[in-house]
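The sequence shown begins at 11 in my numbering and counts up one residue at a time. Ideal Cβ positions, reconstructed from N, Cα and C, are used throughout, including at glycine. Quick notes on the structure that follows.
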Amino acid sequence: MSSLEHLIKCLCCNAAVVEALPGFTQLRDMEFTPSLQVWNSTILGGLNVGMTDIVRELYDSIMDLGVVGDVDTVGFLIGAY
11 MSSLEHLIKC LCCNAAVVEA LPGFTQLRDM EFTPSLQVWN STILGGLNVG
61 MTDIVRELYD SIMDLGVVGD VDTVGFLIGA Y
């Protein structure tokens, strides 16, 4: 896991989802795809602070990048609706 991925996870665990989002942009600019664990942490962070719009946007990004979600990902999406 990269340092930036670790920072994103830490921010999301502390309800700082909005602050974590630029990290995804930086990773994409470097042509690096975050791990599913990082995506799930961010989705859960968005869900925990009631930002369902961000949850949907993040899931769309996952799909666009071809990252395959898991049971946790689906559970978080269900929780957002």
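Let me make sure I understand the geometry here. Which of Leu54, Asp74 and Met73 has the alpha-carbon closest to that of Val65?
Sequence index remark: in the sequence shown, residue 65 carries index 55 (1-based). Considering only Leu54, Asp74 and Met73, the residue with the shortest C-alpha distance to Val65 is Leu54.
Please report the distance separating the alpha-carbon of Asn24 from that of Tyr91.
Here residue 24 corresponds to residue number 14 of the sequence shown, with the count starting at 1. Here residue 91 corresponds to residue number 81 of the sequence shown, with the count starting at 1. If you take the alpha carbons of Asn24 and Tyr91, they lie about 22 Å apart.
Is Ile18 closer than 8 Å to Thr62 when the C-beta atoms are compared?
As a first step, residue 62 is located in the sequence shown; it is residue number 52 there, counting from the start. As a first step, residue 18 is located in the sequence shown; it is residue number 8 there, counting from the start. For the 8 Å CB-CB criterion, Thr62 and Ile18 do not form a contact.
Helix, strand or coil: which one does DSSP assign to Met61?
Taking the sequence shown and counting its residues from 1, one reaches residue 61 at position 51. Met61 falls in the coil class under three-state DSSP.
Are the Cβ atoms of Leu87 and Thr43 separated by less than 8 Å?
Locating residue 87 in the sequence shown gives position 77, counting from the first residue. Locating residue 43 in the sequence shown gives position 33, counting from the first residue. No, the pair does not count as a contact, with Cβ atoms beyond the cut-off.
If you draw a straight line from the C-alpha of Ser71 to the C-alpha of Asp39, how long is it?
Within the sequence shown, the letter at position 61 stands for residue 71. Within the sequence shown, the letter at position 29 stands for residue 39. Per the coordinates, the alpha-carbon of Ser71 lies some 14 Å from the alpha-carbon of Asp39.
Euclidean distance between Cα positions of Thr83 and Glu41
As a first step, residue 83 is located in the sequence shown; it is residue number 73 there, counting from the start. As a first step, residue 41 is located in the sequence shown; it is residue number 31 there, counting from the start. About 23 Å.
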